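**Student:** For reference, the structure I am asking about is given below.
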Amino acid sequence: MVVFPQAKINIGLRILRKRTDGYHDIESLFYPIPLYDVLEIITDDGTEGFSLEQSGLNIGTSSGNNLVEKAWMVLAGDHALSGMRAWLHKVLPMGAGLGGGSSDGAWALKVMNDIAGLGLSDETLESYASVLGSDCPFFIKGRPAWVTGRGEVMAPSSLSLTGFYLVLVCPDIHVATVDAYANILPDDSGTSLSNLLELPVAQWRENIQNDFEDPVFRKYPALKKVKEKLYKEGAVYASMTGSGSALYGIFEHEPTVSRKVFPWPVYTMKLD
């Protein structure tokens, strides 16, 4: 079975407080975008266990650390699975805030559930996905969602950006999430992001922020320049996604952003 794990962007990201378990409470809007990895998984009755081959971007994960492999381990701990083989072609960069690894793991759970005939519900798959990582449960359904807690508490969102265009810039800069959190000061004051997202998109620029931007931009000034250039090119809203390093601009009309504007990969897409 071949599937296409998609990326997401964060629209607004507030770090509210540090928890006693070491995680942080956040609030954000996760929105799926049409940019994908490629994942194929088949049963291999002649062997036991799980094997994975990778191509595309070099993601630098050693055997056993890829979330596709971990998905098999998590399910195999509770269910009798036959041997499986997987091929993963990476398009989504790691350390970019796009949820690429999380999406791969979540989609692996869905495929394994199908080909093994386990009959697990989406809610059960979300529970397994939460073991893989905070962002993973979102990708089980992959629809716009209001996200709280450490990122695992989700509620459906009616936000629609259908008809808007997105320009995504993926700088060749890896921002470690741990480092990003280490340089941030949580703040739960001010207007809830959920209320701010009810504003028209044209008003987001002055009202909706990603709290990671200040510390990350201080360390990587080139990323701040990307955001400034997106606005210069006509974006009605621009932001870093997650803890970076990818940035996006939302455009009301089909943009004519030249790839010469940015020295890194640039993707232009129409949103559903």
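Using our numbering, you'd call the opening residue of the sequence shown number 227 and step up by one each time. By construction, the Cβ of each residue, glycine as well, lies at the ideal position given by its N, Cα and C atoms. Predicted, not measured: the structure shown is a model, and the values here were computed from it.
#1: Please report how far the alpha carbon of residue 298 lies from the alpha carbon of residue 276, in whole angstroms.
#2: From residue 411 to residue 393, what does the alpha carbon distance come to, in whole angstroms?
#3: Please report the distance separating the alpha-carbon of residue 336 from that of residue 342.
#4: Assign residue 453 to one of two classes, buried (16 or more other C-beta atoms within 10 Å of its C-beta) or exposed (fewer than that).
#5: Between which two residues does the alpha helix (DSSP H) carrying residue 444 extend?
#6: Could you tell me the alpha carbon to alpha carbon distance between residue 496 and residue 260, rounded to whole angstroms?
#7: Name the two residues that bound the continuous alpha helix (DSSP H) containing residue 236.
#8: Residue 234: buried (16+ other C-beta within 10 angstroms of its C-beta) or exposed?
#9: State the DSSP-derived secondary structure class of residue 313, mapped to helix, strand or coil.
#10: Just verifying my parser: in three-state terms, what is the DSSP assignment at residue 338?
#11: Would you list the residues sitting across from residue 320 in a DSSP beta bridge?
#12: Let me know if residue 316 comes out buried or exposed under the rule of 16 or more other beta-carbons within 10 Å of its beta-carbon.
#13: With distance defined between alpha-carbon atoms, name the residue in 263, 303, 296 nearest to residue 358.
#14: Thinking just about the alpha-carbon of each residue, which of 396, 348, 376 is nearest to the one in residue 360?
#15: What span of residues does the beta strand (DSSP E) with residue 217 cover, start to end?
#16: Taking C-alpha atoms, which residue in 248, 362, 312 lies nearest to residue 232?
#17: Count the other CB atoms, across all protein chains shown, that sit within 10 Å of the CB of residue 284; report buried if there are 16 or more and exposed otherwise.
#18: Along the chain, where does the beta strand (DSSP E) containing residue 410 start, and where does it finish?
#19: Look up residue 390 in the DSSP assignment and say whether it is helix, strand or coil.
#20: In its own chain, which residues sit with a C-beta less than 7 angstroms from the C-beta of residue 333, not counting the 5 before and 5 after it?
#21: From what residue to what residue does the alpha helix (DSSP H) around residue 349 run?
#22: In or out: residue 304 buried (at least 16 other Cβ within 10 Å) or exposed?
#23: Can you grab the Cα-Cα spacing for the pair residue 456 / residue 307, in whole Å?
#24: For residue 307, does the three-state DSSP call read helix, strand or coil?
#25: Report the partner residues of residue 280 according to the DSSP bridge assignment.
**Tutor:** Answer, in terms of the structure:
#1: 7 angstroms
#2: 29 angstroms
#3: 10 angstroms
#4: buried
#5: 439-445
#6: 8 angstroms
#7: Segment 232-244 is the beta strand (DSSP E) holding residue 236; no alpha helix (DSSP H) there.
#8: buried
#9: strand
#10: helix
#11: Per DSSP, none; premise fails for residue 320.
#12: buried
#13: 296
#14: 376
#15: Examination of residue 217 is not possible in this model, given that the chain is present from 227 through 498 alone.
#16: 362
#17: exposed
#18: Per DSSP, residue 410 belongs to no beta strand (DSSP E) and is neither H nor E.
#19: coil
#20: 229, 231, 265, 365
#21: 348-358
#22: exposed
#23: 47 angstroms
#24: coil
#25: 314
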